[in-house]
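Numbering (this note's numbering), first residue to last: -3 to 570.
Beta carbons are placed, not taken as given, at the ideal position from N, Cα and C, and that holds for glycine.
Note that the structure is a prediction, hence the values are computed from the model and not measured.
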């Protein structure tokens, strides 16, 4: 390992300088976290080992190498999504370089860009909602960002020179790029909105292939002489004050990527005569070959291990009705002045001293505005429960989870996503999973906490969960959209609890149903439920027909409604 000053890096190569400057190296390394050995997670890369460029994924120790581009076409330059469930990559299948997205669970692919220009080197934002990439769509290569579904692209850099190799800071606020604006490739840092460009390196060599450390304090990159097939892996502090050289082999080392814990760096090297993926500790020691294949292996991308479902304790507790409240924060209709309605659903559940948010509506700004109007404090939310992953139920998740004291627990219906999920919804759920510290999945009916459980229908049903609040007066069911069927959900809740359902609140998914169908469902539910409160996607016809059927047992709720279960029971008894 060598240490070089920013002023004269190529001159400081002798051992005499090394001895003098070694304290700087120690300071730089000790100031950054070195947790564990970095051997968890997955590494994606591309290789022509099967006769064409294909994307592969392996364990971080090099084991279990799997081909993931199994269709007619391959790909290259992969970048794994923050949760490891998808990979964005480059393909020439349509005659020019475009970006594609591959779901690693289903194998489904979709094209993200469709222009005659060249798009390359995609990089996910840390929250999974956007991507940065390079494109020559406006003449020369510049850096662009777009939403994870390919929409809303924005140009970030504007120069007659070229900018390549974008890489996000861990907090998503900045992007490091390699720019040729000064006659050779140097590292610049720009804010994620395109403002505040600043130069980091200033040398006579080329600096490319940038990777930001997980703690945000350092950048790893390839440094080598112009027009020569050489280069070593360097690490520089973000303020440019300290720089170290980690490799010194013949040939070239490039495309470094940090392990998720910052303990190691993977990169590609020709150390053995062809390109292989190697990994080393962040101080340059403990070098190991991960791929060892006759074909060239390129472009490692490393993400943390997927969070495992958290086991949730089962209890049989029943809550006093006086301890249960449901507050509607987002709905198609409004019932309180100043709280704005919109298509979507979200409610705050207060039960047994716990505060849960069920769903997050379609729009984070509107959800937060309604919470402010209603004087709800997002910091009180202990857990967020997602009924299902449609955009009108999860659009506000990033906004809620970016607060000063955000909920860190996220409870999802299951690992399987609905087949009709949109690109925007995928971005939102990826973002939420990335920000949550504790992610649980309701693969089956599960107790969330004392007095609150999730109910799931059989695995072949639409992947949606409903909440069941266990009260001394009977179960209270809260649905998101009731895609599996509102009657089936109510029957399942009664089966799980062994009691008739006291109340059902939420979307019933009846917007497109005829009056005959609505009346039939109302009659069936009348034999199963005492109180009913259709919201969101139930539709005006269903509201009218249910009110006609249930009379005083019909609860008219909308954005701004505050429902105290004890008050409902008391009112009906008087």
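Sequence-distant partners of residue 187 (beyond 5 residues in either direction) whose C-beta falls short of 7 angstroms from its own C-beta, in its chain, are 169, 170. Residue 286 and residue 214 have their C-alpha atoms spaced approximately 24 angstroms apart. In the three-state reduction of the DSSP assignment, residue 281 falls in the coil class. In the three-state scheme derived from DSSP, where H, G and I count as helix and E and B as strand, residue 262 is classed as strand. A check of alpha carbon separations from residue 118 across 394, 74, 532 identifies 74 as the nearest. In the DSSP assignment, residue 201 falls outside any beta strand (DSSP E), carrying neither H nor E. Look at residue 482 here: in three-state DSSP terms it is helix. At a Cβ-Cβ threshold of 8 angstroms, residue 359 and residue 334 do not count as neighbours.
With at least 16 other beta carbons inside 10 angstroms of its own, residue 138 counts as buried. When DSSP states are grouped into helix, strand and coil, residue 392 belongs to the coil group.
Of the residues assessed, residue 260 falls on the buried side of the cut-off, its CB having 16 or more other CB atoms within 10 angstroms. Beta bridge pairing from DSSP links residue 429 with no other residue. Linking residue 154 to residue 194 through their CA atoms gives a straight-line distance of about 13 angstroms. In the three-state DSSP reduction, residue 494 falls in the coil class, being neither helix nor strand. Rounded to the nearest whole angstrom, the C-alpha separation of residue 329 and residue 339 is 8 angstroms.
Taking C-beta separations shorter than 6 angstroms and ignoring five residues to either side along the sequence, the partners of residue 464 in its chain run 449, 451, 471, 473, 489, following chain order. For residue 226, no alpha helix (DSSP H) segment is defined, and its DSSP state is neither H nor E. Residue pairing by DSSP puts residue 530 in a beta bridge opposite 502. Beta-bridge partners assigned by DSSP to residue 215: 208, 232. Look at residue 183 here: in three-state DSSP terms it is strand. A Cβ-Cβ separation of about 5 angstroms places residue 478 in contact with residue 505 under the 8 angstroms criterion.
The Cβ atoms of residue 89 and residue 69 lie closer than 8 angstroms to each other.
Take residue 113, set aside five residues on each side of it, and the residues of its chain with a beta-carbon closer than 6 angstroms to its own are 131, 132, 133, in chain order. In this structure, residue 49 lies near residue 71, with their beta-carbon atoms less than 8 angstroms apart. The Cβ atoms of residue 384 and residue 447 lie no closer than 8 angstroms to each other. Remark: three or more beta-carbon pairs, one from each stretch, lie closer than 8 angstroms, so the stretch 75 to 83 and the stretch 283 to 300 are flagged as touching.
Counting along the chain, residue 536 sits inside the alpha helix (DSSP H) bounded by residues 536 to 546. Residues 166, 254, 256, 257, 258 of the same chain have their beta carbon placed closer than 7 angstroms to that of residue 210, with the five preceding and five following residues left out of the count. Here the C-alpha atom of residue 560 lies approximately 12 angstroms from the C-alpha atom of residue 467. Boundaries of the beta strand (DSSP E) harbouring residue 462: 461 to 467, taken from the DSSP string. Taken through DSSP and simplified to helix, strand or coil, residue 55 comes out as strand. Of the candidates 432, 534, 55, 63, 63 places its Cα closest to the Cα of residue 47.
In the three-state reduction of the DSSP assignment, residue 377 falls in the coil class. In the three-state DSSP reduction, residue 365 falls in the helix class (H, G or I).
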